[in-house]
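Listed in order, the protein sequences are those of chains A and B.
Residue numbers in the first sequence follow my numbering, run continuously in steps of one, and reach 293 at the last position.
Residue numbers in the second sequence follow my numbering, run continuously in steps of one, and reach 570 at the last position.
All remarks here apply to the structure that follows.
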Amino acid sequence: MNGKGRARSPKAPAAAIPQEEPAMCFDRATLAYGDRVVWSELSMTVPQGEFLAVLGPNGSGKTSLLRALLGLSPLASGSLDVLGGPPQRGNPAIGYVPQHAGFDRDVPLRGRDLVGLGVDGHRWGFGRLSKADRMRVESALEDVAAEPYADVPIGRLSGGEQQRLRIAQALVGNPKLLLCDEPLASLDMRYQQEITELIGGWSRDKGGTVVFVTHDVNPVLGYAHRVVFVVNGRWAAGKTDDVLTSETMSGLYDAPVEVLRVRGRIVVVGEASGAGFDIDEPHHFPEPKGAHK
Amino acid sequence: MIGQLVHLLGYEFVQNALLAGILVAVVAGLVSRFVVARNMSFAVHALAEVGFTGSAGFILLGLSPVLGLLSGSMITALFIGALGLRIRERDSVVGVVMAFGLGLGVLFITLYSRYASEAFAILFGAITAVSRADLILLVAVAVITIVGLGIMYRPLTFATVDPIVAEARGVPVRLISILFLMMLAAAVAEAVQVVGVLLILTLLITPGATAERLTAHPGRATVASIGVAMLATVGGILLALVTTVPVSFYVTTIAFVCYIGARLGSPVLERFRDARV
Numbered sequence: 001m002n003g004k005g006r007a008r009s010p011k012a013p014a015a016a017i018p019q020e021e022p023a024m025c026f027d028r029a030t031l032a033y034g035d036r037v038v039w040s041e042l043s044m045t046v047p048q049g050e051f052l053a054v055l056g057p058n059g060s061g062k063t064s065l066l067r068a069l070l071g072l073s074p075l076a077s078g079s080l081d082v083l084g085g086p087p088q089r090g091n092p093a094i095g096y097v098p099q100h101a102g103f104d105r106d107v108p109l110r111g112r113d114l115v116g117l118g119v120d121g122h123r124w125g126f127g128r129l130s131k132a133d134r135m136r137v138e139s140a141l142e143d144v145a146a147e148p149y150a151d152v153p154i155g156r157l158s159g160g161e162q163q164r165l166r167i168a169q170a171l172v173g174n175p176k177l178l179l180c181d182e183p184l185a186s187l188d189m190r191y192q193q194e195i196t197e198l199i200g201g202w203s204r205d206k207g208g209t210v211v212f213v214t215h216d217v218n219p220v221l222g223y224a225h226r227v228v229f230v231v232n233g234r235w236a237a238g239k240t241d242d243v244l245t246s247e248t249m250s251g252l253y254d255a256p257v258e259v260l261r262v263r264g265r266i267v268v269v270g271e272a273s274g275a276g277f278d279i280d281e282p283h284h285f286p287e288p289k290g291a292h293k
Numbered sequence: 294m295i296g297q298l299v300h301l302l303g304y305e306f307v308q309n310a311l312l313a314g315i316l317v318a319v320v321a322g323l324v325s326r327f328v329v330a331r332n333m334s335f336a337v338h339a340l341a342e343v344g345f346t347g348s349a350g351f352i353l354l355g356l357s358p359v360l361g362l363l364s365g366s367m368i369t370a371l372f373i374g375a376l377g378l379r380i381r382e383r384d385s386v387v388g389v390v391m392a393f394g395l396g397l398g399v400l401f402i403t404l405y406s407r408y409a410s411e412a413f414a415i416l417f418g419a420i421t422a423v424s425r426a427d428l429i430l431l432v433a434v435a436v437i438t439i440v441g442l443g444i445m446y447r448p449l450t451f452a453t454v455d456p457i458v459a460e461a462r463g464v465p466v467r468l469i470s471i472l473f474l475m476m477l478a479a480a481v482a483e484a485v486q487v488v489g490v491l492l493i494l495t496l497l498i499t500p501g502a503t504a505e506r507l508t509a510h511p512g513r514a515t516v517a518s519i520g521v522a523m524l525a526t527v528g529g530i531l532l533a534l535v536t537t538v539p540v541s542f543y544v545t546t547i548a549f550v551c552y553i554g555a556r557l558g559s560p561v562l563e564r565f566r567d568a569r570v
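Quick look at the structure:
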């Protein structure tokens, strides 16, 4: 059942930078925590400069995919190459935007400091930022238009403003690969669009690769070159239009599932549950048969 | 009163006490910033109380109480670090270890009932009674702690305010957390000399909590935290010299006044900041 619905390798977009090597290459990769297999035999190659959306219900291993890329969760079997080498903890060519969790109101930290930690937070010692590093922080703040509130205590900022600073923090090191873990969660529609455009725009302009974990595909429909959909141990990867079809999704869930396109949005409806559900509401997905090994 | 103070400053024990007080203030001010940010008040309490047990045990064996205190809090730090790596279980692990540690303390005190004054000194602090040899030990521990915190300052800050991204960027978050517990144990052993086990939070919480109210600039907050700790310890030692009230009372009072002042003053500071922006 694994790999069912895997699409033919799509062509890289015309605007992408020269492709010496893929940004990432999973080869029959299996990730497990103890006996629990998160996903197995995942094979997928993502060329540099592409935008990959990682979809699936909660607990299906989307975050684990990022952890594998970060070198934080070793594979049980198979192989994974990231930017031409095995995953490596603290790889400076990888930027990371976490789920928006919100800072405590009183945390003594300004946006500028958060971005600064992206430059030197991993280095030992007391050290102050050098002049060149301070310029980098400044230009990263500029890129996300966060200068007006860069000196305000970060806990006083709105969710969207905090997320902009997070993106500046991730991009200040000039990465080649940007990993985003549900960066839109708990943001309203307007901020979702702004944040997606910041990330998609960076990829377009700089030729950087994006891995974007989201439970709702709709905000990234205009950006994603391809998607990987994971459901308890199974997966399907390929172009968005090839994966998000009634046929592929029904195969993944092993139950009749219909994928509808309504006014430019994608809605997934499962007949098995007898009720409509949407990718927005992953907990309404039917439990796939034989998912636990 | 001033003349009396100047006269007293000529004594070696006074100089020793002030030197120890200054070092303790730097250590406590630095550490308390992270204790506040990492929500570790309970751990501080446990380290101090089991430190008391260590102290009582060492006195029983005829060894240095300062060394005993340090050993007690270090062993506790190791236990908490080994058993409570996950945030979720940390509080209960601290409670479990502290309860057992204090139980041992009861045993040691019962076995050694003759020197109650020494137990009192550990509980409430007696910086002016610290011996020369203990003072050297205190200075050495303070220097090691300050250097250690200096080395891990940036990754510790990163791991404290932004643990998920810190881990993703390759910061060894677990190792940092255990190393910080060791530094904290050393800081506790230091601060106990000034204010004692029961009043430890006045030096390991109040300065950091006060600093947070004054500024959102991390560097300035650290300086402010050290400043408050310094004012409290040095001010407390000097005031205690010219009166008959113990050091701990003055230290806790000065620290408390600073905190209340910062709470009352922070809305004013904020208005000033907003006016500038």
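All C-beta atoms, glycine included, are put in the ideal place defined by N, C-alpha and C.
Asked: Through-space distance from A/Arg234 to A/Asp81, alpha-carbon basis; Found: 21 Å
Asked: Same chain only: Cβ atoms within 7 Å of A/Ala168, ignoring 5 sequence neighbours per side; Found: Val115, Ala140, Leu141, Asp143, Val144, Ala146
Asked: Under 8 Å by beta carbon: chain B residues contacting A/Val46; Found: Here the premise fails: no neighbours, minimum Cβ distance about 19 Å.
Asked: Contacting positions in the segment 442-458 of chain B - beta carbon closer than 8 Å to chain A; Found: Gly443, Ile444, Met445, Tyr446, Arg447, Pro448, Thr450, Phe451, Val454, Asp455, Ile457, Val458
Asked: Top-ranked residue by Cα proximity to A/Asp241, from A/Gly78, A/Glu197, A/Arg128, A/Gly264; Found: A/Gly264
Asked: B/Ala414 vs B/Ala422 beta-carbon contact at 8 Å; Found: yes
Asked: Contact list for the segment 123-138 of chain A against chain B, Cβ threshold 9 Å; Found: Arg123, Trp124, Gly125, Phe126, Gly127, Arg128
Asked: A/Gly95 to B/Thr515 span [Cα, whole Å]; Found: 28 Å
Asked: Proximal chain B residues relative to A/Gly90, where beta-carbon distance stays under 8 Å; Found: Arg462, Gly463, Val464
Asked: Cβ neighbour criterion (16 or more within 10 Å) applied to A/Ala236; Found: buried
Asked: Limits of the beta strand (DSSP E) - the one that B/Val307 falls within; Found: No beta strand (DSSP E) holds B/Val307; the alpha helix (DSSP H) holding it covers 305-330.
Asked: Beta-ladder partner(s) of B/Leu557, from DSSP; Found: Answer is none; B/Leu557 lacks a bridge partner.
Asked: Closest residue to A/Leu55 among A/Asp254, A/Leu117, A/Asn232 (Cα-Cα distance); Found: A/Asn232
Asked: Chain A residues whose Cβ lies nearer than 7 Å to that of B/Pro511; Found: Pro108, Leu109, Asp113
Asked: Opening and closing residue of the alpha helix (DSSP H) in which B/Val527 lies; Found: 511-535
Asked: The segment 72-105 of chain A: positions lying closer than 7 Å to chain B by Cβ; Found: Leu72, Arg89, Gly90, Tyr96, Pro98
Asked: Beta-bridge pairing of A/Tyr253 - partner residues as DSSP gives them; Found: Paired residue(s): none; A/Tyr253 is not in a bridge.
Asked: Delimiting residues of the alpha helix (DSSP H) encompassing A/Thr63; Found: 62-69
Asked: Entirely enclosed alpha helix (DSSP H) segments - the segment 346-405 of chain B, minimum 4 residues; Found: 358-376, 380-404
Asked: A/Ala255 beta carbon near the ligand FMN (any heavy atom closer than 7 Å); Found: What this structure holds is no ligand at all, so the ligand FMN is not there to describe.
Asked: Between the CA atoms of A/Ser250 and A/Val257 - distance to the nearest angstrom; Found: 5 Å
Asked: Cβ neighbours of B/Ala370 in the same chain (closer than 7 Å, five flanking residues each side left out); Found: Leu340, Leu474, Met475, Leu477, Ala478
Asked: Boundaries of the beta strand (DSSP E) in which A/Thr209 is found, first to last residue; Found: 209-213
Asked: Under 7 Å from the C-beta of A/Leu42: neighbouring residues of chain B; Found: Per Cβ cutoff of 7 Å: no residues; A/Leu42 is ~20 Å from chain B at best.
Asked: Closer than 8 Å at the beta carbon, the chain A residues around B/Thr508; Found: Pro108
Asked: Neighbouring residues, chain A, relative to B/Glu505 (Cβ below 9 Å); Found: Asp106, Val107, Pro108
Asked: Test: B/Ala435 CB closer than 8 Å to a CB of chain A; Found: no
Asked: DSSP-derived helix/strand/coil call for A/Thr30; Found: strand
Asked: Interfacial residues, the segment 150-164 of chain A to chain B, with Cβ spacing under 9 Å; Found: Asp151, Val152, Pro153, Ile154, Gly155, Arg156
Asked: Interface residues of chain B facing A/Asp120 [CB-CB closer than 7 Å]; Found: Arg447
Asked: Three-state class that DSSP yields for A/Glu124 in the structure shown; Found: Sequence inspection shows Trp at residue 124 of chain A; the Glu mentioned does not correspond to that position. The answer is coil: DSSP assigns A/Trp124 none of H, G, I, E or B.
Asked: B/Ala533 to B/Gly418 span [Cα, whole Å]; Found: 12 Å
Asked: Proximity to A/Asp205 [Cα-Cα], best of A/Tyr191, A/Arg190, A/Asn174; Found: A/Asn174
Asked: Assigned secondary structure, B/Ala461 (DSSP; H/G/I helix, E/B strand, else coil); Found: helix
Asked: Nearest-angstrom Cα separation, counted from B/Val343 out to B/Gly394; Found: 5 Å
Asked: Contact with chain B by A/Glu20, beta-carbon distance below 8 Å; Found: no
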